[in-house]
Every structure is written in structure tokens, then in C-alpha cells.
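In the numbering used here, the protein residues as written are -2 to 205. The structure appears right after this line, and notes come after that.
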Ligand SMILES: [Zn+2]
């Protein structure tokens, strides 16, 4: 805990003290983030850091393995954040960002064995199971399989967004775009799903 408080003191010295006007302006207005970001709770994947986003720019939902349960099995926490982001904040983009090395995805690949004694986590990971199990059909080796499963899971969560009528309505109106990303812990690079090529390409690709 000491290190967290020390970190906060550094934040006050190095950021807040020099950003008084910016912070006061943020506090005096309603938030108007441009995107809803759905990512994993993994401590190594920090959405604001990897997108160079300032306070106020991202509306964030994080949970284990960046899940968006489909509407028919909706989770109230994710559903509430989604409704607020889409209907009230009117975000123009929703990003689902998975990450290579995701322990939640690996737990599903391993047949939930390691989470059998964690009933809430076990149930939560069931949201992910269909896409991950299907991705195993392309088995090459364990690492490749894990990477494919991470990608398949991210894209399944993007598809799950469309099970919500509020998302479908905005997509039909052309006022909302959905994006599937995968973050690489090892080098800090994001890959983005390219619908035309049906594959993930590096975020620096000039076609994006
Ligand atoms: Zn993860």
C-alpha cells in the first residue's frame, strides 16, 4: 500500500500540480469520451497508456478476458456500462482489446481445471468458452493455439456487442464503429482486426 500512496504523491507533484486548469475544466463539464474500451483486468495491459489517452478520453470496462456477455446472458455491470456509453455518452467507437498471454483465455483452453475452486470465475469464463473451443480446431502448437484463442475471443466479444439492440441501432445509423484489437505484452504493440482481410494487422499499418 505504501508504494501506491507514494505513487499518488508523485502523480500530484508531477501531473496534477501542473494540470490544474485541465483538471478543473474536466470537473466542470460532463465527460465526453470518444470511445468505450473493453479490456482485460490484467495489470499489464493499461488502456490509457497504450493509447496515450488523457483523463476524459476513454470510457473503460475491464474484466477477466475482456468479455461482453451476449444480451441473452447479459451481465449487469457490462450491460450498464455499455448502455451508458452508447445511449448517454454517445461514443462513436467501441474497442474490445484482448491480449496475448491472457490467463482467462488459457484457463478455458485448459478446460477450466485451474479455476474449479473459484465458482464466480468458473461461471464467468463460460461466456468465453464457445469461441475459444472453436479456435482449437486450428491447433498448431500450444503457443499458437493460445494466440489464436485470444484473437478468436476478442472477435467473439465484438460480435456479442451486436446482440444489444442499442448497438445494432447505432450501427445501422452509421454512428458507431466496433473494433477488435489484440495487445502484445512482450513488445507493447497492438494488432487491429482488418475486416477486409479477415486478419489482425499491426496498428501502424498504413491501410488503417
Ligand atoms: Zn487477460
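Ideal Cβ placement from N, Cα and C applies to all residues, glycine included. All values reported here derive from a predicted model rather than from experimental measurement.
Ignore the nearest five residues each way along the sequence and tell me which others in residue i's own chain have a CB closer than 7 Å to its CB.
i, result
"residue 213", "With the chain represented from -2 up to 205, any question about residue 213 goes unanswered, as that position is not in the structure."
"residue 129", "102, 105, 106, 146, 149, 150"
"residue 72", "66"
"residue 52", "23"
"residue 45", "55"
"residue 41", "182"
Please return the same chain residues whose Cβ sits closer than 6 Å to the Cβ of residue i, not counting the five positions on each side in sequence.
i, result
"residue 203", "none"
"residue 57", "34, 44"
Sort out for me which residues DSSP pairs residue i with in a bridge.
i, result
"residue 178", "94, 189"
"residue 56", "33"
"residue 198", "189"
Report all residues from its chain with a CB closer than 8 Å to the CB of residue i; omit the five preceding and five following residues, and keep chain order.
i, result
"residue 200", "178, 186, 187, 188, 189"
"residue 142", "106, 132, 133, 135, 136"
"residue 176", "90, 91, 92, 93, 155, 189, 190"
"residue 127", "153"
"residue 172", "87, 89"
"residue 206", "Nothing in the structure corresponds to residue 206, since the chain is present only between -2 and 205."
Rounded to the nearest angstrom, what separates residue i and residue j at their Cα positions?
i, j, result
"residue 137", "residue 78", "37 Å"
"residue 140", "residue 15", "45 Å"
"residue 119", "residue 158", "22 Å"
"residue 170", "residue 109", "40 Å"
"residue 47", "residue 180", "9 Å"
"residue 166", "residue 160", "11 Å"
"residue 21", "residue 27", "12 Å"
"residue 163", "residue 152", "19 Å"
"residue 113", "residue 100", "14 Å"
"residue 19", "residue 8", "15 Å"
Does the separation of the CB atoms of residue i and residue j fall below 8 Å?
i, j, result
"residue 182", "residue 96", "yes"
"residue 37", "residue 62", "yes"
"residue 154", "residue 35", "yes"
"residue 86", "residue 50", "no"
"residue 115", "residue 64", "no"
"residue 83", "residue 60", "no"
Quick test of your reading: residue i and residue j, contact by CB under 8 Å. State the CB separation rounded to the nearest angstrom.
i, j, result
"residue 54", "residue 31", "6 Å"
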